[in-house]
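In this text, residue positions in the sequence shown follow our numbering: the first is 132, and each later residue adds one.
Every residue gets a Cβ at the ideal spot worked out from N, C-alpha and C, and that includes glycine.
Keep in mind that this is a model prediction, so the values were computed, not measured.
Okay, structure first, notes after.
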Amino acid sequence: MIAAVIKETTSGETRVAATPKTVKELIKSGLSVRVQSGAGAASFYGDKDYQDAGAEIISDTPSVLSGADLILKVAPATIEEIDILPEGSIYISLFQTTKRPEQVKKLSAKKITCFSMHLIPRTTLAQSMDALSSQANIAGYKSVLIGAAHLPVYMPLLMTAAGTIPPAKVLILGAGVAGLQAIATAKRLGAQVETFDVRPEVKEQVESLGAKFVEVESESNDGVGEGGYAKETSDEYKQRQQEMIKQHIAKSDLVITTALIPGRPAPLLIPTDMVDNMKPGSAIIDLAAENGGNCELTQGGEIINHKGVIIDGTLNLPGTMQVHASQLYAKNVSTFVTYMVKDGQLIIDLEDEIISGAMFTHQGEITHEPTREAVNNF
């Protein structure tokens with residue numbers, strides 16, 4: 132079987148779906164690997180690196196894809212790319228399927244079996260394939276560094292001859308993978324950190340990193356979803372949550388929002404009136420910008436100034452640390468692929484929860500229920 136790694140064409144996408152190290156792993160499992168010339172350049176992997184790892188380097192996209200059985204990507208395939216994907220092939224990338232019904236429809240029509248790294252089940256067995264976590268970890272780390280660069284104040288407590296500088300106050304909304312990494316990074320920089328999350332069970336993790344857990348008391352399991360993800364909360368909970376966040380956000384220098392519900396628009400946590408109550412010179416880094424943002428004023432891909440408050444909606448933060456982002460993502464993909472390969476052949480076992488969970492089209496059918504609904508409503 133031939134695995135093809137093509138050059139990313141999405142603007143700003145610097146990551147690559149295979150590194151020289153994972154190429155060796157794929158070849159060891161029995162696959163032949165083709166890499167498009169320049170595919171790894173933005174992540175500082177040269178064609179020779181791939182060649183030395185055993186890959187065949189091919190210059191143009193159609194030639195790389197011709198006769199390929201497996202296509203590996205980072206960003207979702209564009210309509211133009213889908214047009215040249217081999218019919219009946221297997222395709223893997225990061226893909227928010229419910230947001231791209233047109234592409235899903237076209238992939239299904241070409242009888243391409245598609246897997247999204249977004250849909251990898253959050254189980255112990257699939258942990259090493261969990262690309263959402265590996266990339267969120269990077270986003271959480273980078274968000275603090277960017278936030279610190281926006282601030283007009285120091286992050287740590289400083290005692291100087293000219294006086295004592297208090298530490299910056301950082302509020303992190305959401306204590307998933309990105310939030311926990313943001314806590315750890317902000318604490319390393321010496322900030323005073325508070326964290327809010329709708330899931331009470333993360334309190335211990337938050338406090339173990341040295342942050343204060345801001346809690347909204349609830350008698351029910353509001354906000355606790357399957358697989359460790361958050362879920363939609365009740366209206367009563369949302370109202371109490373808003374009041375709590377409003378009190379804490381007004382005192383914060385830096386706010387980092389990380390709340391995402393898979394396949395859904397990002398929940399609104401910071402309406403405009405809350406931003407109006409923030410101190411001039413403070414900043415919001417919205418890691419949910421790709422799905423509309425947790426802040427009402429967030430503009431995806433833009434950094435704006437609202438009454439002296441910076442609101443940063445930069446997209447694809449992992450792509451700003453492309454060496455390690457590619458290294459981690461490529462390993463996630465390689466682990467997933469080699470999990471399915473037996474004696475050099477990709478065996479698609481529909482009874483396997485990881486394989487069926489990550490799949491969204493197969494043999495002309497849309498297999499993922501929320502994706503099917505999105506396509507039917509398109």
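Spanning the alpha carbons of V347 and A309 requires a straight line of approximately 21 Å. Where H379 is concerned, the enclosing alpha helix (DSSP H) starts and stops at 366-380.
By the criterion of a C-beta distance shorter than 8 Å, G475 is surrounded in its chain by M132, S160, G161, L162, once the five residues flanking it on both sides are discounted. If you look at R165, you'll find it in the beta strand (DSSP E) that goes 163-167. When only Cα atoms are considered, K241 and I137 end up about 19 Å apart. Runs of beta strand (DSSP E) with 3 or more residues, each lying fully within the segment 181-206, are found at 187-189, 201-203, listed in chain order. DSSP lists F246 as the beta-bridge partner residues of M490. Excluding residues up to 5 positions away in sequence, V506 lie with their Cβ nearer than 6 Å to the Cβ of K236 in the same chain.
The beta carbon of A135 lies closer than 6 Å to those of R165, V195, L196, A199, I202 in the same chain, with the five residues before and after it left out. For A173, the three-state secondary structure derived from DSSP is helix. Relative to S190, the option among Q458, S168, L320, S465 whose CA is nearest is S168.
In the structure shown, T229 falls within a helical segment according to DSSP collapsed to helix, strand and coil.
Shown here for E433: same chain residues with a beta carbon closer than 7 Å to its own, the five before and five after excluded, namely G444 in chain order.
A straight-line Cα-Cα distance of about 16 Å links G143 and Q266. Residue ranges of uninterrupted alpha helix (DSSP H) with 4 or more members, entirely inside the segment 374-430 and ordered along the chain, are 403-407. Assignment of V329 by DSSP, reduced to helix, strand and coil, places it in the coil class.
Taken through DSSP and simplified to helix, strand or coil, V472 comes out as strand. The residue from I221, V329, N447, S274 with its alpha-carbon nearest to that of L385 is S274. Between H281 and I380, the C-beta spacing is not below 8 Å. Contact check for P402 against T229 fails: the beta carbons are separated by 8 Å or more. Annotation note: the segment 291-338 contains the following uninterrupted beta strand (DSSP E) runs of length 3 or greater, listed N- to C-terminal: 294-296, 300-304, 323-327. Collapsing the DSSP output to three states places S220 in coil. Put simply, of L304, G495, I415 the residue whose alpha carbon is nearest the alpha carbon of V333 is L304. Here V347 carries a coil assignment [DSSP, helix/strand/coil]. Judged by DSSP secondary structure, V506 falls within the alpha helix (DSSP H) whose first and last residues are 500-507. The continuous beta strand (DSSP E) containing A134 extends over residues 133-136. Membership of V440 in the beta strand (DSSP E) is indicated by the continuous run 440-443.
In this model, F509 and P232 are separated by some 6 Å (Cα to Cα). Collapsing the DSSP output to three states places E496 in a strand. Among the bridge pairs identified by DSSP, N436 is matched with I441.
The Cβ neighbour count for Q494, taken over all protein chains shown within 10 Å, is under 16; the residue is labelled exposed.
A straight line joining the alpha-carbon of K152 with that of L400 spans about 41 Å.
Using a Cβ distance threshold of 8 Å, V464 and A206 do not count as a contacting pair.
Taking K410 as reference, the option from V301, T389, S457 with the minimal CA-CA separation is V301.
S339 sits exposed, since fewer than 16 C-beta atoms from the chains shown fall within 10 Å of its C-beta.
Between T326 and A306 a beta carbon distance of about 5 Å is seen, short of the 8 Å cut, so the two are scored as contacting.
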